[in-house]
Every structure is written in C-alpha cells, then in structure tokens.
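K.L.:
Sharing a structure here in structure tokens format.
In UniProt numbering, the protein residues as written are 1 to 336.
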C-alpha cells in the first residue's frame, strides 16, 4: 500500500492551513496502514499529533454505533423498516414517519427550537418530539441529526438501555474497539475541537451541542475513537460473516443500494453513496462527521479509508475544508 497521491492530498490540507493535523488509515483486505501528520492543537499552544490519539468522530456515531445496533434489531425481527416511529415513541404524533425514513433522512422532520443549546435534557427531548414534518417528507433526502436522535430513542425502548450504552456493549466491545468510548477518561489523549465562549477549549467532551445536552441518550453524536479502531470497524464491514452477531451480513451486503423512497437520492440506510470506477463501476458507502472525520468503504474491492482531523479547531465551521474533503475522497477512489 502506497497511496502516494492521497497522502500528498492529505499533506496539502496541512500546508494550506485547512486543518491542524490528520490521522489516517488505509485498509486493503486484511492489511492496515496508519499514519499521522501535523498538530493535534494550535491553541493554547501548538501540540504535535501523536499516533493513537482519540478523536470526537461526531456523526460517524450514526453509522458506527446507532445504525449497527439498529441492523442487529432488524435482523432479529425486533424492529422493521415499516414500523411507524409513533409505535415506539408515542410522544411523536405523525404516524406517516417510519424507521426507514429516519435511517435514510427522508422523514422531513424540521422546525426551530428557541435557545436549543441552553435547554436541559428533558426540555430538549420534549422540544424535539414536538417538531413537525415538512414538505420534503418521503420526497427528498435532507440530512438531519434528529433522525438518529429519534432512532437512538427507539433502540432504547427496545433494549431498555440508553443508545450509547447499547453501542458500547453490542458493537465496540465485541469488535475489540478498545480505545473507542463515549466517556473519555483521559482528556489529554483526545484531540481538542473548538474553542467556544461558553465552554472554552473543548477536549475530551463531545463537541456537538445536542450530544452535550443529551449525553448517553444521543444516537447522532458522542463517539470518540482512533484511526486504528475505525480501521477495525471498516474491516468488519468488509468481512461481516466473521462478526455476524455484530454486523448482520444480510443487511451489510445490501447497504450499497439506494434505500430512499424514490431510490434516486444516493442514500442508503445510514450511509451516503458514491461511485468507484475500478475494476468496474459500482457503489461505495461513506459518511462524514462535522468535526472533520469520514469513512469510505468499498465492499466490492474490500478496501477502505479512515480520515480523522479536527477541522473545527480552533474555530468552526471552517467551510473551505468541505471542498477539500470531497477532493481527497475523489483522489482516494481514483488511486485505489
């Protein structure tokens, strides 16, 4: 494994000042190459990025954690894609919305919550359950955290434990992701995210405001992990038969399909879809996180890439990063 062009593209993110540093992993079947470059922090003083440092992976929580447990329950017949959300969350009144809508971000759930980030968990929970369904319902894919917050609450109703505890017990532990957690005990091994007026330098605590309020009941964000652990997760996706109790193969192999109602939104259950042209045109799954993380998994060629950075450090949102991220993914897909 060399990936010279992709590594050069990663290095340009540093030299162009787009991100402080990068941790990465390339997975080719049973081989894994990891590396780091740049800094973990630039404030309050520069700090060199070290191998094995832990990242707030933000929305990768959705696919690594919440989706994995959901697929287990689907495989066991304890949940069904056609279940109405209100069957499990009676506080939610619109019976049109199903689990499939949540998983594909086609629920149309929307609305404004005043002072959202200042609410306590019970008030935020109540406010989210009072949102409404807008005109995009069943028609458009509109990415929204609320879908996986609701999904996490549904899992909680099925298993009688908060979603993050379920993920730790049913996904992270059995896969051997020993450095992955929702409650880091050593903040100094965590890569810091933003500096905010309310919280100062955020390090070892979830960056996402809703995740910070909801804590272990949040299925959309909150996971901390390393490049090596996420490489382990990607390998499990490439060989799900080896971990069938964690990642049900019949569902994992179907994730390159477009599961949206119209089948044209390039969205699977949980994952976004893109295309690889080698060895012939086929779909690849990928997902990103707001803090500057993403996974790309090519199940057909059994290859994957883990990319971790803290692009929100020291200030979010760092919009130039988004174009550069997509360019790096394109370089990787062309080079592999």
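Every residue gets a Cβ at the ideal spot worked out from N, C-alpha and C, and that includes glycine. The model shown is predicted, which means the values in this text are computed figures rather than measured ones.
Whose C-beta lies closer than 8 Å to the C-beta of residue 89 among residues of the same chain, with five residues either side of it excluded?
P.N.:
Stepping through the chain shown from its first residue, residue 89 is reached at position 89. Answer for residue 89: 129, 150, 153, 154 and 157, listed in chain order.
K.L.:
Helix, strand or coil, according to DSSP, for residue 116 in the structure here?
P.N.:
Counting from 1 along the chain shown, the entry for residue 116 is found at position 116. The answer is helix: DSSP assigns residue 116 an H, G or I state.
K.L.:
Measure the CB-CB distance between residue 270 and residue 97 and report whether it falls below 7 Å.
P.N.:
Residue mapping note: residue 270 aligns to position 270 of the chain shown, counting from 1. Residue mapping note: residue 97 aligns to position 97 of the chain shown, counting from 1. Cβ distance not < 7 Å, so residue 270 and residue 97 don't count as in contact.
K.L.:
Taking the beta strand (DSSP E) that residue 212 belongs to, which residues open and close that run?
P.N.:
Within the chain shown, residue 212 is the residue found at index 212, counting from 1. That residue, residue 212, is in no beta strand (DSSP E); its alpha helix (DSSP H) goes 209 to 214.
K.L.:
Pick out whichever of 302, 162 and 289 has its Cα sitting closest to the Cα of residue 311.
P.N.:
Residue numbering aside, residue 311 sits at position 311 when the chain shown is read from its first letter. Ranking the options by Cα distance to residue 311, first place goes to 289.
K.L.:
Kindly give me the distance between the Cβ atoms of residue 28 and residue 299, rounded to whole angstroms, as I take these residues to be in contact under 8 Å.
P.N.:
Numbered from 1 along the chain shown, position 28 holds the residue referred to as residue 28. Numbered from 1 along the chain shown, position 299 holds the residue referred to as residue 299. Not confirmed; about 13 Å, so no contact.
K.L.:
Short check: CB of residue 65 to CB of residue 223, under 7 Å?
P.N.:
Stepping through the chain shown from its first residue, residue 65 is reached at position 65. Stepping through the chain shown from its first residue, residue 223 is reached at position 223. The answer is yes: Cβ separation under 7 Å.
K.L.:
Here's the rule: buried if 16 or more other CB atoms are within 10 angstroms of the residue's CB, otherwise exposed. What is residue 39?
P.N.:
The count along the chain shown starts at 1 and reaches residue 39 at position 39. With 16 or more other Cβ atoms within 10 Å, it is buried.
K.L.:
Closest by CA to residue 325, which one among 301, 294, 112 and 240?
P.N.:
If you number the chain shown from 1, residue 325 lands on position 325. The residue with the shortest Cα to Cα distance from residue 325 is 294.
K.L.:
Along the beta strand (DSSP E) that carries residue 303, what are the first and last residues, could you check?
P.N.:
Here residue 303 refers to the residue found at position 303 of the chain shown. Looking at the DSSP string, the run of the beta strand (DSSP E) that includes residue 303 is 303 to 308.
K.L.:
With DSSP as the reference, please indicate the residues paired to residue 288 in a beta bridge.
P.N.:
As a first step, residue 288 must be located in the chain shown, where it is residue number 288. Beta-bridge pairing links residue 288 to 294.
K.L.:
Give me, in chain order, the residues of the same chain whose beta-carbon lies closer than 8 Å to that of residue 168; leave out the 5 immediate sequence neighbours on both sides.
P.N.:
As a first step, residue 168 is located in the chain shown; it is residue number 168 there, counting from the start. Result list for residue 168: 181 and 182, in chain order.
K.L.:
Would you call the segment 212 to 222 and the segment 118 to 132 in contact, with 3 or more CB pairs under 8 Å?
P.N.:
Short answer: they touch.
K.L.:
For the beta strand (DSSP E) holding residue 276, just list the boundary residues, first then last.
P.N.:
Position 276 of the chain shown, counted from the first residue, corresponds to residue 276. Start and end: 272 to 276.
K.L.:
Whose CA, out of 333, 113 and 309, lies closest to the CA of residue 19?
P.N.:
Here residue 19 corresponds to residue number 19 of the chain shown, with the count starting at 1. That would be 309, whose Cα lies nearest to the Cα of residue 19.
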